[in-house]
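Under our numbering, think of the first position of the sequence shown as 1, with each following residue one higher.
Only one structure is covered here, and it is reproduced in the block below.
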Amino acid sequence: MGWNSWNSFANIVNSQIVQQQAKTLASNGMKEAGYQYVVIDEGWWLGDRDAAGNIVVDAKQWPALAPGQKDGDMANIAAYIHSLGLKAGIYTDAGKDGCSMYPDSGPPLQHTGSEGHYDQDFLQFSKWGFDYVKVDWCGGHKEKRSGAIQYAQIAHAIQKAEKATGHKLYFSICEWGSQNPWFWAPGVGEIDSTIWRTGGDIIPPVVESLHDAEHDKRIITAKNVLDSFDNGLHPEAQHTGYFNDLDMMVMGMRGMTDALDRTHMGLWALSSAPLMVGSDLTRLSPATLSLLTNAEALAIHNDPYGLQPIKVDEPAPGVEIWAKPMAVAGRRAIALVNRTDAAAQVNIKWEKLGLTAAPKSAHDVWNKKDLASTSEPLSVPAHDLVLLTVDGEDKAPAEYAANPSTITGIQVNFQPSFAQLHYTNSTNHVVIMRVKSTSGLSTAIALPPTTGSQTGAIGLILPKGTPDLAFDGSSASIHKLDVYPW
Ligand code: GLA
Numbered sequence: 001m002g003w004n005s006w007n008s009f010a011n012i013v014n015s016q017i018v019q020q021q022a023k024t025l026a027s028n029g030m031k032e033a034g035y036q037y038v039v040i041d042e043g044w045w046l047g048d049r050d051a052a053g054n055i056v057v058d059a060k061q062w063p064a065l066a067p068g069q070k071d072g073d074m075a076n077i078a079a080y081i082h083s084l085g086l087k088a089g090i091y092t093d094a095g096k097d098g099c100s101m102y103p104d105s106g107p108p109l110q111h112t113g114s115e116g117h118y119d120q121d122f123l124q125f126s127k128w129g130f131d132y133v134k135v136d137w138c139g140g141h142k143e144k145r146s147g148a149i150q151y152a153q154i155a156h157a158i159q160k161a162e163k164a165t166g167h168k169l170y171f172s173i174c175e176w177g178s179q180n181p182w183f184w185a186p187g188v189g190e191i192d193s194t195i196w197r198t199g200g201d202i203i204p205p206v207v208e209s210l211h212d213a214e215h216d217k218r219i220i221t222a223k224n225v226l227d228s229f230d231n232g233l234h235p236e237a238q239h240t241g242y243f244n245d246l247d248m249m250v251m252g253m254r255g256m257t258d259a260l261d262r263t264h265m266g267l268w269a270l271s272s273a274p275l276m277v278g279s280d281l282t283r284l285s286p287a288t289l290s291l292l293t294n295a296e297a298l299a300i301h302n303d304p305y306g307l308q309p310i311k312v313d314e315p316a317p318g319v320e321i322w323a324k325p326m327a328v329a330g331r332r333a334i335a336l337v338n339r340t341d342a343a344a345q346v347n348i349k350w351e352k353l354g355l356t357a358a359p360k361s362a363h364d365v366w367n368k369k370d371l372a373s374t375s376e377p378l379s380v381p382a383h384d385l386v387l388l389t390v391d392g393e394d395k396a397p398a399e400y401a402a403n404p405s406t407i408t409g410i411q412v413n414f415q416p417s418f419a420q421l422h423y424t425n426s427t428n429h430v431v432i433m434r435v436k437s438t439s440g441l442s443t444a445i446a447l448p449p450t451t452g453s454q455t456g457a458i459g460l461i462l463p464k465g466t467p468d469l470a471f472d473g474s475s476a477s478i479h480k481l482d483v484y485p486w
């Protein structure tokens, strides 16, 4: 969770803008709500290196901010961000060139990528004090590289940098989904690599201080938000600790209405997607800010299983019911999504959510109140989203025993299914295992430590047609899989 400069500042990003945004994040309630990263995206570096290959930045755009600092040193802004109790993020490209910035707001630039300098650049980011690095794919794409190979090499460079500085550098993979990163990005290069972009940009940037014809016509629509959500659905790759990245958020930006803001926040929270807000934080309305900091929506986002939702019904074309399995037994988070131009009345068929009957309680997240009844239809305005949490009773799962590192005979017949994997991990650290199926599932799973004879459970979503699972790794024991009939 945090802020990223790209959507609202594109290549005009500089120290002053970042300071202002960081200060706002630290004082408008977002920091308390859990937003912690301030990420400087493309535009901070114009592609210059010195004779030793070190990155050189514009000293006027990135001046000294405190006594003893030098102009043109990116450590200055990282220290400023840290002084607010926040974490600092930076950006580069996996190829030789970056995306060449935006042609309508600056000359196309070359050599703003890190290829050929992986070890040097990632060490530099870490020495500057950055805690997070987003690595884009423009150069890699232009050179027709393999994402799995380039990002694994970068993971190794990050690992070396972390060893040298003793400082964690969180890896944000931005390969746009072009080479199915959900199959190889989780844990790529054997590092703690936990987020990967699933699609192209939610919008081209909307920079409010630029008034050229190109910017004036940019406006965000429901389609931008819904396409990012739809493209980002790879539920089988996502589970505890590994997340599909649906792209930076555009809440409150030009074209967004309160209804679209609710749709955006609801879908990103339900997906446990990174919440990197790309808006100009100084311009957020109280309504947008209150959605971004809504504690109940954030609790859905931060559910320990961290799964994506399952589409359980479409009672009318464009009117959809999505449900997210939650770590508490019998609990679901539900979004009623209305993609149409007209208000809709929605009846939820509870048995489609894997519940034995109507839930004992249902809670309306936006209005912060319990529903009087679970049998009345719910009204969803045009292009809006109603977010609920419900507590009921799960239908009994089908149990499959592990033998010892495979599970066979699994039946997932109708749709992606929610499953719980029971295990023991008696080390005192998280164990990463790869899990594969002949159905095409191939991902990493993170198994947190368990205590004594207690078993742990993580949530998984199995693709339709999963017949078997094979686990690779021996530091933890897999006991059984419960597959819930949804
Ligand atoms: C790509 C990425 C964006 C942003 C821009 C910067 O388009 O997908 O998120 O980083 O590059 O040029």
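Just so it is clear, CB atoms sit at the ideal spot from N, CA and C, and this is done for glycine as well.
Nothing here was measured: the structure is a model prediction, and the numbers come from that model.
Closer than 8 Å: ARG197 CB and nearest the ligand GLA heavy atom: Checking the Cβ of ARG197 against the ligand GLA gives yes.
Burial state of PRO108 (16 or more Cβ within 10 Å): By the neighbour-count criterion, in which 16 or more other beta carbons inside 10 Å mark a residue as buried, PRO108 falls on the exposed side.
Top-ranked residue by Cα proximity to ASP245, from GLN19, ILE12, ALA66 and ASP136: Taking only the C-alpha atoms, the option nearest ASP245 is ASP136.
GLY452 and PHE418 closer than 9 Å at C-beta: No; because the gap between Cβ atoms is not below 9 Å, this pair is not in contact.
LYS31, buried or exposed, once every other Cβ within 10 Å from all chains shown has been counted against 16: Taking every protein chain shown into account, the CB of LYS31 has 16 or more other CB atoms within 10 angstroms, so this residue is buried.
Close beta carbons around PHE316, own chain, < 7 Å, minus the five adjacent residues each side: Going by the sequence as given, residue 316 is Ala instead of Phe. For ALA316, the CB contacts under 7 Å within the same chain, skipping 5 residues up- and downstream, are ALA344 in chain order.
Between the CA atoms of LEU307 and THR424 - distance to the nearest angstrom: One alpha carbon belongs to THR424, the other to LEU307, and they sit about 21 Å apart.
Cβ contact check for the region 203 to 213 and the region 4 to 11: 3 or more pairs under 8 Å: Result yes; three or more Cβ-Cβ pairs closer than 8 Å.
Delimiting residues of the alpha helix (DSSP H) encompassing ASN7: It spans 6 to 9 - the alpha helix (DSSP H) in which ASN7 sits, taken as one unbroken run.
The ligand GLA heavy atom lying under 8 Å from the CB of MET101: In this structure, the ligand GLA has a non-hydrogen atom nearer than 8 Å to the beta-carbon of MET101.
Residue burial classification, THR427 (beta-carbon count within 10 angstroms, cutoff 16): Result: exposed.
ILE195 versus GLY116, HIS239 and ILE310, residue with shortest Cα-Cα distance: Shortest Cα-Cα distance from ILE195 to any of GLY116, HIS239 and ILE310 involves HIS239.
Distance between ALA362 and GLU351 (C-alpha atoms, nearest Å): Looking at the two C-alpha atoms, the distance is approximately 15 Å.
Strand pairing of SER417, partner residues [DSSP]: BP columns for SER417 point to LEU462.
GLU190 - DSSP class collapsed to helix/strand/coil: Helix.
Spatially closest choice to ASP482 from SER172, ALA446 and ALA402, by CA coordinates: Taking each of SER172, ALA446 and ALA402 in turn and checking the Cα distance to ASP482, the smallest one comes out for ALA402.
In chain order, each beta strand (DSSP E) run of at least 3 residues that lies wholly inside the region 361 to 425: Complete beta strand (DSSP E) runs here, min 3: 361 to 364, 378 to 380, 385 to 391, 398 to 401, 406 to 408 and 417 to 424.
Validate contact between the region 218 to 230 and the region 183 to 191 using beta carbons, cut 8 Å, 3 pairs: Counting Cβ pairs under 8 Å, fewer than three are found: no touch.
Chain-order list of residues whose beta-carbon lies under 6 Å from that of ALA295 (same chain, five-residue window excluded): So no residue of the chain qualifies.
Status (buried if at least 16 other CB within 10 Å, exposed otherwise) for ALA94: Answer is buried; the Cβ neighbour count reaches 16.
Three or more C-beta pairs below 8 Å linking the region 68 to 77 and the region 169 to 185: Under the 8 Å Cβ criterion, the region 68 to 77 does not count as touching the region 169 to 185, having fewer than three qualifying pairs.
PHE268 (DSSP reduced to helix, strand or coil): According to the sequence displayed, residue 268 carries Trp and not Phe. Helix, per DSSP.
Delimiting residues of the beta strand (DSSP E) encompassing LYS436: LYS436: member of the beta strand (DSSP E) spanning 431 to 436, first to last residue.
Distance cut-off 8 Å: TRP488 Cβ against heavy atoms of the ligand GLA: Absent from the model: residue 488. The displayed extent of the chain is 1 to 486, so no value can be given.
Residue environment, HIS111, which counts as buried when at least 16 other CB atoms sit within 10 Å: HIS111 is buried by the Cβ-count criterion.
For ASP93, the first and last residue of its enclosing alpha helix (DSSP H): Run containing ASP93: none in the alpha helix (DSSP H); it sits in the beta strand (DSSP E), 87 to 93.
Nearest residue (CA-CA) to ARG262, options ILE202, SER271, GLY129 and MET251: Cα-wise, what sits closest to ARG262 is MET251.
Nonlocal neighbours in the same chain, by C-beta distance under 6 Å from GLN411, ignoring five residues either side: Nothing listed; no residue qualifies.
Buried versus exposed call for VAL56 [16 or more other C-beta atoms within 10 Å across all chains shown]: With fewer than 16 other Cβ atoms within 10 Å, it is exposed.
Cβ pair ILE90, SER15 closer than 9 Å: No Cβ-Cβ contact shorter than 9 Å links ILE90 with SER15.
Beta carbon of ARG339 nearer than 9 Å to that of VAL319: Yes, the pair counts as a contact, with Cβ atoms nearer than the cut-off.
Residue(s) in a DSSP beta bridge with ASP468: Checking the DSSP bridge columns, you'll see ASP468 partnered with THR408.
ASN244 - partner residues in DSSP beta bridges: The secondary-structure analysis by DSSP pairs ASN244 across a beta bridge with TRP196.
Nearest-angstrom Cβ-Cβ length linking LEU289 and GLY29, presumed shorter than 8 Å: Confirmed, Cβ separation roughly 7 Å.
Cα-Cα separation, GLY354 to TYR35: Rounded to the nearest angstrom, the two C-alpha atoms are 33 Å apart.
Whole-Å CB distance - THR455 paired with HIS479, under 8 Å assumed: In this structure, THR455 and HIS479 form a Cβ contact; the two beta carbons are roughly 6 Å apart against a cut-off of 8 Å.
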